[in-house]
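Below is one structure, written out as structure tokens, with a few remarks after it.
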Amino acid sequence: MTTPDATLRIAMWSGPRNISTALMRSFEARGDCAVVDEPLYAHYLDVTGLQHPGREQTLASQERDWRAVTDWLGGAVPGGKPVWYQKHMAHHLLPIVGRDWLDSLRHAFLVREPEAMLTSLIEVWPEPTLEDTGLPQQVELFERLTEEAGAIPAVVDSVELLRDPAGVLAQLCERLGLAYTERMLSWPAGPRSTDGVWAPHWYASVERSTGFAPVREKQARVPERLSGLLDRCRELYSRLAPHRLRATTAPLGGGAR
16 MTTPDATLRI
26 AMWSGPRNIS
36 TALMRSFEAR
46 GDCAVVDEPL
56 YAHYLDVTGL
66 QHPGREQTLA
76 SQERDWRAVT
86 DWLGGAVPGG
96 KPVWYQKHMA
106 HHLLPIVGRD
116 WLDSLRHAFL
126 VREPEAMLTS
136 LIEVWPEPTL
146 EDTGLPQQVE
156 LFERLTEEAG
166 AIPAVVDSVE
176 LLRDPAGVLA
186 QLCERLGLAY
196 TERMLSWPAG
206 PRSTDGVWAP
216 HWYASVERST
226 GFAPVREKQA
236 RVPERLSGLL
246 DRCRELYSRL
256 APHRLRATTA
266 PLGGGAR
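Residue numbers for the sequence shown follow my numbering, beginning at 16 and rising by one.
So this is what it looks like as structure tokens:
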């Protein structure tokens, strides 16, 4: 649903290393869309005590009270734009965080095949837990939203998106009630003022990008010590993957917002 002021607030729920920042770049490139980068990150770090790269800078840069953050996310859009794209890491939605604020948003999910996700994640976070992947939280939220709304939220798989950016983005926009534009396919290289302060630790690749890169087959394999984690990730991924938007041979027309 949209909010009474007709602003479209989009919550994209991702796990780490799922090209989530590139997708944020894509929405920002539209011109009619404000974006926010992981607004619950400081709350998450504050509560969990995790020593993520850039922890102190993140805690200093963001509000730590989830109530204040979620009130802000349902309020006035920065710059007065008609669309607000909110990039969320699903694991930042801790159990302590209330859920009523979610009703004012339109939701979608960004996933990635678990082996590729884990091999990328351990380059920065060598000993991840299942909760660090965001998959349990994505499944919980997906099933909750599906039951409450009686409709299935859009699921974007990063591989399908990279195979056919125009086709998958057009389908996503249609599902969100937003007109598709080819502006979403490219953006200038470099950092953004809208990037979180943790960008130097995580965003090197996307800062070099000017669009969605072709799919590349990774040769790395998940270490044996994480084989159990990989199995659990695959089970959760399998509950979302059947609903993912598929690459097409031609873009679809997005409906008017």
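Note that beta-carbon positions come from the ideal geometry of N, C-alpha and C, so glycine has one too.
- Contact annotation: ARG40 and VAL171 have beta-carbon atoms that are not nearer than 8 Å.
- The beta carbon of VAL221 lies closer than 7 Å to those of THR36, ALA37 and ARG40 in the same chain, with the five residues before and after it left out.
- Listed in chain order, the non-local C-beta contacts of GLU43 below 6 Å within the same chain comprise VAL50, local neighbours out to five positions each way being set aside.
- Around the beta carbon of GLU175, 16 or more other beta carbons lie within 10 angstroms, which makes this residue buried.
- Counting only residues of its own chain and dropping the five nearest sequence neighbours on each side, LEU187 has a CB closer than 7 Å to the CB of ALA123, ALA169, VAL171 and LEU260.
- A Cβ-Cβ separation of about 6 Å places ALA204 in contact with ARG223 under the 8 Å criterion.
- With contacts defined by Cβ atoms closer than 8 Å, LEU241 and LEU145 do not form a contacting pair.
- Remark: fewer than three beta-carbon pairs, one from each stretch, lie closer than 8 Å, so the segment 123-142 and the segment 79-87 are not flagged as touching.
- For ALA262, there is no enclosing beta strand (DSSP E), as DSSP marks it with neither H nor E.
- Cβ contact annotation for VAL183 (same chain, cutoff 7 Å, sequence separation greater than five): VAL171, GLU175, LEU176, LEU260 and ALA262, in chain order.
- When the five nearest sequence neighbours on each side are left out, the beta carbons in the same chain lying within less than 8 Å of the beta carbon of LYS96 are those of ASP47, CYS48 and ALA49, in order along the chain.
- Burial check for ALA185: the Cβ neighbour count within 10 Å reaches 16 or more, so the residue is buried.
- Selection VAL212, GLY165 and ASP115 evaluated against THR73 yields VAL212 as nearest (Cα-Cα).
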